[in-house]
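Just so we're aligned, residue 51 is where the sequence shown starts under the numbering used here, counting upward by one.
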Amino acid sequence: MSDSMRSVQKVDVLIVGGGMVGLAMACALREQPDVRVMVVERREIQPQLSLGSDMRVSAIIEGTANILRGMGVWDQLQNVSESIQQMRVWDQQEVGGARFEALEVGLQELGRLVPNSEIQYAMLNVLADCEHIDVYCPAHIESINFKTDAVYLSLDQGQHVQASLVVGADGAQSWLREQAGISHYQRDYAQKAIVANVRPQQHHRNTAYQRFLAGGPLAFLPLPKGLCSIVWSLAHEEAEQYMQLDDALFLDELNLAFGPVLGRIEEVGERGAFPLVGRLSQHFVQHRLALIGDAAHVIHPLAGLGVNLGIRDAIVLAQEVAMAIRYQEDPGSMDVLALYRKNRVPDVLSVMASMEAFHHVFTSKYAVVGKLRRAGMLMFSNSGALKKSLMRTAMGLNLAVPANVMTTAKKQI
Ligand SMILES: Cc1cc2nc3c(=O)[nH]c(=O)nc-3n(C[C@H](O)[C@H](O)[C@H](O)COP(=O)(O)OP(=O)(O)OC[C@H]3O[C@@H](n4cnc5c(N)ncnc54)[C@H](O)[C@@H]3O)c2cc1C
Numbered sequence: 051m052s053d054s055m056r057s058v059q060k061v062d063v064l065i066v067g068g069g070m071v072g073l074a075m076a077c078a079l080r081e082q083p084d085v086r087v088m089v090v091e092r093r094e095i096q097p098q099l100s101l102g103s104d105m106r107v108s109a110i111i112e113g114t115a116n117i118l119r120g121m122g123v124w125d126q127l128q129n130v131s132e133s134i135q136q137m138r139v140w141d142q143q144e145v146g147g148a149r150f151e152a153l154e155v156g157l158q159e160l161g162r163l164v165p166n167s168e169i170q171y172a173m174l175n176v177l178a179d180c181e182h183i184d185v186y187c188p189a190h191i192e193s194i195n196f197k198t199d200a201v202y203l204s205l206d207q208g209q210h211v212q213a214s215l216v217v218g219a220d221g222a223q224s225w226l227r228e229q230a231g232i233s234h235y236q237r238d239y240a241q242k243a244i245v246a247n248v249r250p251q252q253h254h255r256n257t258a259y260q261r262f263l264a265g266g267p268l269a270f271l272p273l274p275k276g277l278c279s280i281v282w283s284l285a286h287e288e289a290e291q292y293m294q295l296d297d298a299l300f301l302d303e304l305n306l307a308f309g310p311v312l313g314r315i316e317e318v319g320e321r322g323a324f325p326l327v328g329r330l331s332q333h334f335v336q337h338r339l340a341l342i343g344d345a346a347h348v349i350h351p352l353a354g355l356g357v358n359l360g361i362r363d364a365i366v367l368a369q370e371v372a373m374a375i376r377y378q379e380d381p382g383s384m385d386v387l388a389l390y391r392k393n394r395v396p397d398v399l400s401v402m403a404s405m406e407a408f409h410h411v412f413t414s415k416y417a418v419v420g421k422l423r424r425a426g427m428l429m430f431s432n433s434g435a436l437k438k439s440l441m442r443t444a445m446g447l448n449l450a451v452p453a454n455v456m457t458t459a460k461k462q463i
């Protein structure tokens with residue numbers, strides 16, 4: 051059959067990448083039957099078969115939980131996630147640490163720790179009944195052609211697609227960003243994060259621990275069954291050396307670094323090491339293209355906010371697309387996409403700047419910065435209203451959630 055005879059599927063939005071952020075955008079459009087959506091994900095998505103077996107987990111803050119609740123995703127995650135009710139932050143000097151409790155802001159939890167694959171799987175479940183949303187997974191895009199009237203794509207399974215808007219949700223190394231010729235700024239932290247699940251002697255008591263060491267932060271985050279997920283940021287060479295150690299020697303180093311807060315750390319599962327690089331795309335949008343999530347911005351994982359930020363991109367873009375289609379506007383036009391950019395850039399830049407400031411303040415080797423940091427943490431811990439207000443901001447509770455997502459959230463409460 052010649053190309054001209056093959057049928058072309060027309061969609062309003064084609065999302066490249068079915069990670070947590072790409073699928074969140076599709077879920078935010080699940081109640082908009084007039085918006086035809088296609089998601090193309092290159093990898094198969096499988097839930098983890100046993101709790102604690104997935105080392106890629108994310109802290110989902112309460113503000114994002116509200117969004118996922120509205121999408122019908124959150125309830126599915128209760129049995130495969132763990133509640134974070136407190137957070138303790140301290141540095142290697144062991145003095146002047148800060149403590150945050152959900153009850154201080156009138157909530158039961160600050161957030162939950164959830165395996166990434168479970169979030170994706172729950173989102174796929176939500177999309178299963180949506181006739182206006184097609185998910186191709188695993189599938190590849192073989193060619194893409196940006197034209198003024200639309201974007202033309204071919205998939206490896208032979209489909210030809212015409213989209214008014216393509217959305218890059220394909221992660222930090224975004225293929226789509228590269229195809230569109232959009233460059234990015236990069237900040238190499240010269241660090242790697244070692245990620246693993248561990249079993250401490252004592253129960254974590256639903257507390258997230260973050261210890262700032264000279265080489266970088268070491269986080270212990272609560273998982274079901276008393277396990278913890280660790281994220282340990284270290285200089286490249288040091289991380290490589292620790293990755294080579296056998297489990298017993300690695301545990302010795304880990305115990306030394308974390309201290310006796312949870313008794314001895316007794317077991318460690320499979321370890322992974324991820325290079326820490328900050329990235330900011332030079333443009334979030336151009337005619338017929340929008341970038342969301344890590345494709346648009348990558349931040350240091352020290353505050354566990356990356357995917358939370360990405361899900362906020364996803365719902366704002368979904369909202370603008372839905373509005374455009376309701377009023378018969380072109381969702382791929384710069385008029386519409388500029389609204390998304392205008393809404394998201396300030397939030398993204400302010401989170402990136404805060405992460406950068408934290409990184410400097412907590413890795414500085416100057417004694418005076420160390421003293422100021424400890425004094426600052428102490429003052430902050432006792433600052434009452436200021437602390438509550440900053441906690442609400444950090445938990446994403448002060449951000450407006452677009453109306454279409456909130457409508458469903460209210461219906462479910
Ligand atoms: C060590 C570490 C710990 C972290 N902890 C947290 C945390 O606690 N909380 C938090 O909020 N964030 C955390 N983050 C950040 C978080 O993991 C990312 O922000 C998040 O995964 C970004 O989601 P995404 O969907 O944008 O991209 P990704 O998760 O990278 O997903 C992109 C998807 O696109 C697919 N894809 C790629 N290319 C193509 C293509 N050409 N065609 C089709 N599909 C494609 C990929 O297979 C993938 O499924 C952490 C990051 C690291 C490194």
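Built from N, CA and C at the ideal position, the CB exists for glycine as well.
| Asked | Found |
| --- | --- |
| Looking at the structure shown, is L271 part of a helix, part of a strand, or coil, going by DSSP? | strand |
| Which residues bound the alpha helix (DSSP H) around T114? | E112 to G120 |
| Can you name the start and end residues of the alpha helix (DSSP H) that N175 belongs to? | N166 to L177 |
| Give me the Cα-Cα distance between N195 and A230, rounded to the nearest whole angstrom. | 10 Å |
| In the DSSP assignment, what residue or residues form a beta bridge with N247? | S279 |
| Do the CB positions of H253 and G218 come within less than 8 Å of each other? | no |
| Who does L226 pair with in a DSSP beta bridge? | Answer is none; L226 lacks a bridge partner. |
| Rounded to a whole number of angstroms, what is the C-alpha to C-alpha distance between A353 and K392? | 24 Å |
| If the criterion is Cβ atoms closer than 8 Å, does the pair C187 and E316 meet it? | no |
| Please say whether L153 and E112 have beta carbons closer to each other than 8 Å? | no |
| Skipping 5 residues on each side, what residues in its chain have a beta carbon closer than 6 Å to that of A374? | P381 and V386 |
| State the CB to CB distance for the pair V85 and L215, rounded to an integer number of angstroms; the pair is presumed to be in contact (CB under 8 Å). | Going by Cβ atoms, the distance from V85 to L215 rounds to 10 Å, so no, they are not a contact pair. |
| Which of helix, strand or coil does DSSP assign to T257? | strand |
| So, with DSSP's three-state summary, where would you put V85? | coil |
| According to DSSP, is D62 part of a helix, a strand, or is it coil? | strand |
| Taking DSSP's pairing of strands, which residues face A285 in a bridge? | Q241 |
| Consult DSSP for V216 and reduce its assignment to one of helix, strand or coil. | strand |
| Reducing DSSP to helix, strand and coil, say where Q336 ends up. | strand |
| Return the CA-CA distance between L127 and V176, expressed in angstroms with no decimal places. | 12 Å |
| Taking buried to mean at least 16 other C-beta atoms within 10 Å of its own C-beta, is G68 buried or exposed? | buried |
| May I ask which residues mark the beginning and end of the alpha helix (DSSP H) holding Q136? | Where Q136 is concerned, there is no enclosing alpha helix (DSSP H), although the beta strand (DSSP E) it sits in stretches over Q136 to D141. |
| Would you give the residue range spanned by the beta strand (DSSP E) that N195 belongs to? | I191 to F196 |
| Please state whether DSSP places R93 in a helix, a strand or coil. | coil |
| Considering only the alpha carbon of each residue, which of C77, F334 and Q135 lies closest to Y235? | F334 |
| Round the Cβ separation of L268 and R261 to the nearest angstrom and send it over; I've been treating them as touching at under 8 Å. | 5 Å |
| Taking the straight line between their C-alpha atoms, what separation do you get for L341 and L163? | 26 Å |
| In this structure, does DSSP put P381 in helix, strand or coil? | coil |
| How close, in whole Å, do the beta carbons of A109 and I134 come, if the pair is a contact with beta carbons under 8 Å? | 7 Å |
| Which value, in whole angstroms, describes the spacing of the CA atoms of L312 and I169? | 28 Å |
| Would you list the one or two residues that DSSP bridges to I183? | V87 |
| Are the region 69-83 and the region 233-248 in contact at 8 Å, needing three or more beta carbon pairs? | no |
| Just checking my contact of S331 with H347 at CB under 8 Å: how many whole Å lie between their CB atoms? | 7 Å |
| Judging by CA-CA distance, which residue of D141, C278 and A74 is the nearest neighbour of I245? | Checking the sequence shown, residue 245 turns out to be Val, not Ile. It is C278 whose Cα lies nearest to the Cα of V245. |
| Assuming I191 and L174 form a contact by the criterion Cβ under 8 Å, report the distance between their Cβ atoms to the nearest whole angstrom. | About 19 Å separates the two Cβ atoms, so there is no contact after all. |
| According to DSSP, simplified to helix, strand and coil, what is Y128? | For clarity, residue 128 is Gln in the given sequence; the question names Tyr instead. DSSP places Q128 in helix when its eight states are reduced to three. |
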